[in-house]
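First comes the structure, then the notes that go with it.
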Amino acid sequence: MARRAKAKRTRRRKTFSLLNAAESFGYATILSQGIFRTNPVNFVLGDTDLSPSTTWTQEGVMNSANVLGGTFLESIGGDQVTLGDILKEPGYAFAVSSRRAMANAPAMAIQSIALGAGFRIMKRLLRVPLNNVNRNLVKPVLGAGVRI
14 MARRAKAKRT
24 RRRKTFSLLN
34 AAESFGYATI
44 LSQGIFRTNP
54 VNFVLGDTDL
64 SPSTTWTQEG
74 VMNSANVLGG
84 TFLESIGGDQ
94 VTLGDILKEP
104 GYAFAVSSRR
114 AMANAPAMAI
124 QSIALGAGFR
134 IMKRLLRVPL
144 NNVNRNLVKP
154 VLGAGVRI
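Residue 77 in this note's numbering sits at position 64 of the sequence shown, and the numbers go up by one each step.
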């Protein structure tokens, strides 16, 4: 009987890259600006101040989103949606966030493509200086587990 081939093991990176963390934070900022109209830090730590009118409906939220030509810039009752708002008024927060996501999807896609391309080009152009800084400054100060 033939031996079964071993599954290929996935490997974790052994270092934490500051550039990859900055790129990830950039993507998180694009998404949170487009959907919640706030930055990732304020989304988690922001005030719970979203207050819908007593007679809000899904249609009312959708109609208010289309007032400014397809880009959702204003919402009923509040401007920024935070984690506390989602916990306090989940239905309203979901309605506002989903409408913003649909209205801002093309802009978020373009921004994400530009961010990815920019980071890729920057990493290739600055490969030699980054390796030098990692080898001579970062590794001696922060250890082998961190790199730029």
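No residue lacks a Cβ here, since even glycine has one placed at the ideal position from N, Cα and C. All figures in this text were calculated on a predicted structure; none of them were measured in a lab.
Just to check my reading of the structure: Asn55 and Thr95 have Cβ atoms closer than 8 Å, yes? What is that Cβ distance to the nearest angstrom?
7 Å
C-alpha gap between Arg112 and Gly156, whole angstroms
Straight-line Cα distance between these residues: approximately 45 Å.
Specify, as a first and last residue, the run of the alpha helix (DSSP H) that Arg19 falls within.
Residue 19 is actually Lys in this sequence, not Arg. Lys19 -> no alpha helix (DSSP H), and no H or E assigned at all.
Taking just the CA atoms, how far does Ala122 sit from Leu128?
The straight-line gap from Cα to Cα measures roughly 10 Å.
Taking the straight line between their C-alpha atoms, what separation do you get for Gly158 and Lys101?
40 Å
Taking only the alpha-carbon atoms, compute the straight-line gap between Arg17 and Arg25 and give it to the nearest angstrom.
25 Å
Option in Pro53, Arg148, Gln46, Pro103 with minimal Cα separation from Asn117
Gln46
Rounded to the nearest angstrom, how far is the Cβ of Leu32 from that of Lys136, given a contact under 8 Å?
7 Å
CB Ile161 to CB Asn147, shorter than 8 Å?
yes
Taking Cβ to Cβ, would you say Arg50 is nearer than 8 Å to Gln93?
yes
Hey, how far is the Cα of Gly97 from the Cα of Asp62?
Answer to the nearest angstrom: the Cα atoms are 8 Å apart.
Indicate whether Ile99 and Ala106 have their beta-carbon atoms separated by less than 8 Å.
yes
Ile43 and Gln124: beta carbons closer than 8 Å?
yes
Less than 8 Å between C-beta atoms, sequence neighbours within five positions excluded: which residues of the same chain meet that for Asn52?
Thr42, Ser45, Gln46
Which listed residue (Gly104, Met115, Arg133, Lys152) has its alpha carbon closest to that of Ser37
Arg133
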